[in-house]
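S.K.: Just passing along the structure, written as structure tokens.
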Amino acid sequence: MRLSSRELFFVYYFHSKSDHSVMPVISPHPDSFAGFLQELVDARYLEGSANGITKQVIHQGCESLTGAQEAVFQREVIDPYVRKKCDCCGNTIPWPEMFQAIRTSRCLACIIRD
Ligand SMILES: [Zn+2]
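Following my numbering, the residues of the sequence shown are numbered contiguously, the last one being 114.
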């Protein structure tokens, strides 16, 4: 498996209309964030409105959410499941590695190194 090369990643921002906060999002390409969300849906981590809102983001993007939907998405999906930094090396965890990081809180490079 090819490990993440940091220069491949670019930063874009998820703007929350509800509270004007800005969350940095790292992605090797635009589909990888959606790929992570699909893994959450497939693993049945999400319930009720959070599940429906996440499916909407997968298919229509964050821009399609209302302010109220964004607040739910932030509170029930981003906050509990997104690990911003690896507990071991401190590097930002890329989206393709994010699903396993829910349990490990570590990037793939650190898991392989152990
Ligand atoms: Zn690490």
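Cβ coordinates follow ideal geometry from the N, Cα and C atoms, glycine included. All values derive from a computational prediction rather than experimental measurement.
#1: Would you mind working out which of 110, 86, 114 and 51 sits nearest residue 77, comparing C-alpha positions?
#2: Would you report the Cα separation of residue 117 and residue 97, rounded to the nearest angstrom?
#3: Suppose the cutoff is 8 Å on Cβ atoms and the five residues either side in sequence are ignored; what does the same chain contact list for residue 46 look like?
#4: Which one of 103, 91, 60 and 102 has the shortest CA to CA distance from residue 109?
#5: Output the residues surrounding ligand 1, defined as those with a CB atom closer than 6 Å to any ligand heavy atom, in chain order.
#6: Compute the distance between the beta-carbons of residue 106 and residue 88, then report whether it is under 8 Å.
#7: Excluding the five sequence neighbours on either side, which residues of its own chain have a C-beta within less than 8 Å of the C-beta of residue 56, listed in chain order?
#8: Have a look at residue 95 and residue 60 and give me their C-alpha separation to the nearest angstrom.
#9: Give the list of continuous alpha helix (DSSP H) stretches no shorter than 4 residues that lie fully inside the region 28-69.
#10: Per DSSP, which one or two residues make a beta bridge with residue 92?
M.R.: If we stick to the structure as given:
#1: Your numbering for residue 77 matches position 77 in the sequence shown. The option with the nearest alpha carbon to residue 77 is 51.
#2: In the structure displayed, the chain extends from 1 to 114; residue 117 sits before or after that span and is not available.
#3: Your numbering for residue 46 matches position 46 in the sequence shown. Once the five neighbours on either side are set aside, the close Cβ partners of residue 46 are 40, 54, 76 and 77.
#4: On the sequence shown, residue 109 is found 109 positions in, with the first residue counted as 1. Among 103, 91, 60 and 102, the Cα nearest to that of residue 109 is on 91.
#5: In chain order, the qualifying residues are 86, 88, 89, 91, 106, 107, 109 and 110.
#6: Residue mapping note: residue 106 aligns to position 106 of the sequence shown, counting from 1. Residue mapping note: residue 88 aligns to position 88 of the sequence shown, counting from 1. Contact: yes.
#7: In the sequence shown, the residue the question calls residue 56 occupies position 56. Same-chain partners within the cutoff: 64, 65 and 69.
#8: In the sequence shown, the residue the question calls residue 95 occupies position 95. In the sequence shown, the residue the question calls residue 60 occupies position 60. Computed Cα separation, rounded: 18 Å.
#9: Unbroken alpha helix (DSSP H) runs of no fewer than 4 residues, entirely contained in the region 28-69, are found at 31-42 and 48-60, following chain order.
#10: As a working mapping, residue 92 is identified with position 92 in the sequence shown. Answer by DSSP bridge pairing, in chain order: 85.
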